[in-house]
Every structure is written in C-alpha cells, then in structure tokens.
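Novice:
There are 2 protein chains.
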Amino acid sequence: MTAAIIVAAGRGERMGANYDKAFLSIGPRPMVAYSMMAFESCADIQQIILVVRRERIDAAKGMAQMFGISKLQQIVAGGAHRQDSVRNGLEVLPPEVQTVSIHDAARPLVTAALISETVRSALKHGSGVAAHRMVDTVKLAEKGTVVSRTVDRAKLWTVQTPQTFSVPLIRQAYARLKETGQQVTDDAAAVELIGEPVRLVEWAPLNLKVTVSEDLTTAALLLRI
Amino acid sequence: MTAAIIVAAGRGERMGANYDKAFLSIGPRPMVAYSMMAFESCADIQQIILVVRRERIDAAKGMAQMFGISKLQQIVAGGAHRQDSVRNGLEVLPPEVQTVSIHDAARPLVTAALISETVRSALKHGSGVAAHRMVDTVKLAEKGTVVSRTVDRAKLWTVQTPQTFSVPLIRQAYARLKETGQQVTDDAAAVELIGEPVRLVEWAPLNLKVTVSEDLTTAALLLRI
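Taken in order, these protein sequences are the chains called W and X.
Terminal number for the first sequence in the working numbering: 565, no gaps in between.
Terminal number for the second sequence in the working numbering: 565, no gaps in between.
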C-alpha cells in the first residue's frame, strides 16, 4: 500500500503574504487543492496524509470535503521546520503502508503520471525523486550579486517533489536526522546522510515551486484556469 | 547607444525536431519573433543584430518585416557553436554602440522590463546578467540517475539571458576566448575568465529556456496565446 504525505504547513515568507502559502488561491481553488486532486486521481496512491499548521486543520477538513478527496486518511499538525512536518506525517502512517510519496503543496503542477513514476522507482529501487536536468548556467555568488565563478553543471540536477521512498528506508533516515540534529532541504538528503542510494526520476515538464508572488500567476496560467 | 544580439542559430537537438529551434512555432509566431518584439519594444535598445544559420537569413528577413522589427540593423550567419555565433554578432556592431545585450531566442518570455534592468546594470557596473535564485535542491549525480550528494545551494544562482555588457569588456573577453580556445556555456563566463566582475540582475518571473518539446506548450500558455 502506498500513501502520500502532502506538506502544507509552511508560511510563505517570500510571498509578502502573512498567510499559509498553501492556502493562497490559484484561480478558484487554494493551492493545496491541486496537489490533493493529483494524488486523489493517481491509481498508485491509496491514502493521503495532509500536514498543515494546527490552526488550519479544520479549514483543511472542509477543503478536502469540498474537492472530494476520498483518500484523505488524516490531517496532522506540522512542526517548526519542514522536516518536523514530514516526521509528523511519517509517524501516523499505518503499518500496511510500505511506500510513501512525500510532496510539497507549493508544487501545484504535480500530476498523477509524475507521482506514478516516482512510486514505480521506489518500488524497484527504494526511492524515486522528481528531478530535472540543469538547463541554465549555474553561478556561485559569494558576495551579494557579484559572480564568484561558473559551476560545472554537467552532472547537476534540480530536484523537486514528489519524493517517494520505501517506508523503512525513510523512517531510518529520519531517525538518524533526529539523533544528529541535522537540517536538510529535502527528504532525499536525509536518505543520503545514511549512505543509502537515492534514485532520480527525470521529469521534463515544468514542476514549478511557488515561491514569489509572480509564481501564482505562472501557476494559474499553466493550470489553464 | 545600446544594441541587442539575438542568437537564433541553434539546432534543437533535444526537441526531436530536425529544425532550427528558434523557428519552431509558439502559437501564431516563430519562437524568435517573441524575443525580437521584446527588444523592439524596449526603449533602452536602439539596434538589433540577429544571428541565424546562413540558410535562414532570407526567412529571417521576411519574419522581421512581418512583425515590424524596425530596429533590425543586420542579420548575420551563425557559427558552429553558440560562442561563434555571438562573436559574429559582436564583429558587426557599429562603433557608436557602447553597450550590448546578448540574448538567446530560446527564451521567448523575455520582457522589455528585464532587458532594461540588465542595460541599467551594464551602464553602471559594466555587466548585467538575468539571474534567478536557486529554488530547488541541487544534486550531483556522477553515475546516471543515482545521487552522489546534495550541493549547497545557498549562494547558487541560475543565469539566463539577456546578458548585457559594455562593448569593450565583452570584446576583450571574446578576444581571450579566441586565444585560449576555451568553450563557455554563457557570455558571462567569458568575462569571468578575464577576471572582470560580473553583476547578476535578479528577475523573479519565469524566464524559461525552451529545451524539450514540452517547453513549447509551457511557453505558449505563459505567453497567453
């Protein structure tokens, strides 16, 4: 059985909005609804765990009903950092769940096809992480906006979510994070820290992360609404 | 006086199209027309040099007339690599041009506002390069799609075009490239190689590079056509 953990507990500090980012509107729906609908429509996902700030739990329940998210199993309260929110989601996974797809609600362009590809990779290799080849030239700028040097991008990828893992693997990785107190920017990094291989799943379409307010317009256009 | 060099001589090898990438259609226009129109409408640009494959020069002339590109000064033939095409453009700049904005036609979302910001930076600092903070986590994968490690993205930027420079600076950089035979992935790298500072201009909206065929759809939606 495969579950999704959708993380929607972040505050959009770069958005200029004093509001939970995942609950900002994109067209007629809150941002998080698009991810919920993608996982709802994906045949490889049986359960959804939603992580929101404690104050949002009731609103999230209503939202899930409104958009017919029948796979929603539980809504749990998030923590101070993203990895605390993911941990809270991992803790409530029922024992029959062997694979978990972790996704940020700030990526509303996720599709059922992408979710399935990461699940397939996780079933075969233990992990499947949405990834895009580095297209642009990469610069290191150590002092403000003055370039220090160009970075060789030949073997660089950007990674997004969903990031899907076998449950024992990601639990082991999160247990180690707790012991060491390390901070990570994605779940794959937690797996890397225990020396286990992480497998990338190339996904060519844009899998935008909504970070600045311009991204809301971009996302709306790409969702064709 | 400020000129633009628009580079449209590349073949879209990753597009599956046996065709000059910049001449693929996005809605009702060839891709290169969007960049031409952005530079035409930018008050900080007085002249446009277009670089295409030799076989495309006549078609490009017709295209420029059709879209009313009155600033088009010259169409020159490109070279084997991108930097050869840029060099051919630099060689025909008239002496009154003190600043040049180099742009890839594969980035049809460029706007007059972005062009102006890079020109302003070049007038003040000698260079102005369209740049975006690294939003996604970055992974190094040395063997296929297996992650070697996470790269610290804190001071990493992706850079795009336009990249605008004072003409003596970029000419000096290209002269050195010729001497050393080095290959660069962008014009800023040529300036870095002569030890001169390159200034990034942060641009929040998506400045997509059309690389795979899915990007044509994305670009069409974002151009609202």
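Every residue gets a Cβ at the ideal spot worked out from N, C-alpha and C, and that includes glycine.
Using a C-beta cutoff of 8 Å, does residue 351 (chain W) count as contacting chain A?
Specialist: No chain A is present in this structure, whose protein chains are W and X.
Novice: Please confirm if the region 551-564 of chain W is in contact with the region 483-491 of chain W, defined as three or more CB-CB distances below 8 Å between the two stretches.
Specialist: No: the two stretches stay apart, fewer than three of their Cβ pairs being nearer than 8 Å.
Novice: For residue 395 (chain W), tell me which candidate among W:383, W:389 and W:416 has the shortest Cα-Cα distance.
Specialist: Ranking the options by Cα distance to residue 395 (chain W), first place goes to W:416.
Novice: Provide the residue(s) that pair with residue 412 (chain X) in DSSP beta bridges, ordered along the chain.
Specialist: Looking at the DSSP assignment, residue 412 (chain X) forms a beta bridge with X:388.
Novice: Got a sec, what are the start and stop residues for the alpha helix (DSSP H) residue 461 (chain W) sits in?
Specialist: Start and end: 452-465.
Novice: Starting from residue 546 (chain X), find everything on chain W with Cβ-Cβ shorter than 7 Å and list it in chain order.
Specialist: What residue 546 (chain X) touches in chain W: 558.
Novice: Along the beta strand (DSSP E) that carries residue 344 (chain W), what are the first and last residues, could you check?
Specialist: Per DSSP, residue 344 (chain W) belongs to the beta strand (DSSP E) from 342-347.
Novice: The alpha helix (DSSP H) with residue 380 (chain X) in it runs from where to where?
Specialist: Where residue 380 (chain X) is concerned, the enclosing alpha helix (DSSP H) stretches over 371-380.
Novice: Does DSSP put residue 493 (chain W) in a helix, in a strand, or in coil?
Specialist: Three-state DSSP puts residue 493 (chain W) in coil, outside helix and strand.
Novice: Excluding the five sequence neighbours on either side, which residues of its own chain have a C-beta within less than 8 Å of the C-beta of residue 555 (chain X), listed in chain order?
Specialist: For residue 555 (chain X), where only same-chain residues beyond five positions count, the Cβ hits under 8 Å are 548 and 549.
Novice: Quick check on residue 481 (chain X): does DSSP put it in helix, strand or coil?
Specialist: Residue 481 (chain X): coil per DSSP, three-state reduction.
Novice: Going by the beta-carbon positions, is the gap between residue 524 (chain W) and residue 503 (chain W) smaller than 8 Å?
Specialist: Taking 8 Å as the Cβ cut-off, residue 524 (chain W) and residue 503 (chain W) do not qualify as a contacting pair.
Novice: Indicate whether residue 418 (chain X) and residue 459 (chain X) have their beta-carbon atoms separated by less than 8 Å.
Specialist: Not closer than 8 Å, so no.
Novice: Going straight from the alpha carbon of residue 500 (chain X) to that of residue 389 (chain X), what length do you get?
Specialist: C-alpha separation (whole angstroms): 19 Å.
Novice: Using a Cβ-Cβ distance cut-off of 8 Å, determine whether residue 500 (chain X) contacts chain W.
Specialist: Judged by the 8 Å Cβ criterion, residue 500 (chain X) is in contact with chain W.
Novice: Per DSSP, what are the beta-bridge partners of residue 505 (chain W) in this structure?
Specialist: Residue 505 (chain W) pairs with W:440 and W:467.
Novice: Below 7 Å between beta carbons is the criterion; list the residues of the region 444-455 of chain X that meet it against any residue of chain W, in chain order.
Specialist: Those residues of the region 444-455 of chain X that come within reach of chain W (Cβ to Cβ, closer than 7 Å) do not exist; the list is empty.
Novice: Do the region 371-385 of chain W and the region 348-362 of chain W touch if we need at least three Cβ pairs shorter than 8 Å?
Specialist: Because the criterion of three Cβ pairs below 8 Å is met, the region 371-385 of chain W and the region 348-362 of chain W touch.
Novice: Comparing the C-beta of residue 396 (chain X) with each C-beta of chain W, is any distance below 8 Å?
Specialist: No, because no Cβ of chain W sits closer than 8 Å to the Cβ of residue 396 (chain X).
Novice: Report the CB separation of residue 361 (chain X) from residue 446 (chain X) in whole angstroms; it is logged as a contact under 8 Å.
Specialist: Between residue 446 (chain X) and residue 361 (chain X) the Cβ distance is about 6 Å, and since that is below 8 Å, they are a contact.
Novice: For residue 524 (chain W), which three-state DSSP category applies?
Specialist: Note: residue 524 (chain W) maps to coil in three-state DSSP.
Novice: Does residue 347 (chain X) come within less than 8 Å of chain W when only Cβ atoms are used?
Specialist: Not one chain W Cβ lies under 8 Å of residue 347 (chain X).
Novice: With DSSP run on the structure shown, which of helix, strand or coil describes residue 534 (chain W)?
Specialist: Reduced to three states, the DSSP call for residue 534 (chain W) is coil.
Novice: Pick from X:493, X:466 and X:425: whose alpha carbon is nearest that of residue 531 (chain X)?
Specialist: The candidate whose alpha carbon is nearest that of residue 531 (chain X) is X:466.
Novice: The alpha helix (DSSP H) that contains residue 568 (chain X), what's its start and end?
Specialist: Within the shown structure, residues of chain X are numbered from 341 to 565, placing residue 568 (chain X) beyond reach of any answer.
Novice: Beta carbon of residue 543 (chain X), beta carbon of residue 481 (chain W): below 8 Å?
Specialist: Contact: no.
Novice: Run down chain X in chain order and give the residues with a C-beta less than 8 Å from the C-beta of residue 457 (chain W).
Specialist: The contacting residues do not exist; residue 457 (chain W) stays about 12 Å from chain X at best.
Novice: Pull up the DSSP beta-bridge partners for residue 499 (chain W), would you.
Specialist: In the DSSP output, where bridge partners are listed per residue, residue 499 (chain W) has W:471 and X:477.
Novice: What residue from X:463, X:365, X:517 and X:528 has the CA that sits closest to residue 403 (chain X)'s CA?
Specialist: Nearest C-alpha to residue 403 (chain X): X:365.
Novice: Would you mind giving the Cβ-Cβ distance between residue 370 (chain X) and residue 379 (chain X), rounded to the nearest angstrom? I have them listed as a contact below 8 Å.
Specialist: With a Cβ gap of about 15 Å, residue 370 (chain X) and residue 379 (chain X) do not count as contacting.
Novice: Could you give the C-beta distance for residue 441 (chain W) and residue 385 (chain W), rounded to a whole number, given that I count them as a contact under 8 Å?
Specialist: With 8 Å as the limit, residue 441 (chain W) and residue 385 (chain W) qualify as a contact, their Cβ atoms being about 7 Å apart.
Novice: Going by the beta-carbon positions, is the gap between residue 507 (chain X) and residue 439 (chain X) smaller than 8 Å?
Specialist: A contact, by the Cβ cut-off of 8 Å.
Novice: If contacts are defined as beta-carbon pairs under 8 Å, then residue 540 (chain W) and residue 485 (chain X) qualify, I think. What distance do you get, rounded to the angstrom?
Specialist: The pair is a contact, with the Cβ atoms about 4 Å apart (cut-off 8 Å).
Novice: Could you compute how far the alpha carbon of residue 452 (chain W) sits from the alpha carbon of residue 367 (chain X)?
Specialist: Approximately 27 Å, taken between the alpha carbons.
Novice: Using a Cβ-Cβ cutoff of less than 6 Å, which residues in the same chain neighbour residue 427 (chain X) once the five nearest sequence positions on both sides are dropped?
Specialist: Closer than 6 Å at the Cβ level, and outside the excluded window around residue 427 (chain X), lie 514.
Novice: Which residues mark the beginning and the end of the beta strand (DSSP E) in which residue 540 (chain X) is found?
Specialist: Taken as a continuous stretch (DSSP letters only), the beta strand (DSSP E) holding residue 540 (chain X) covers 540-542.
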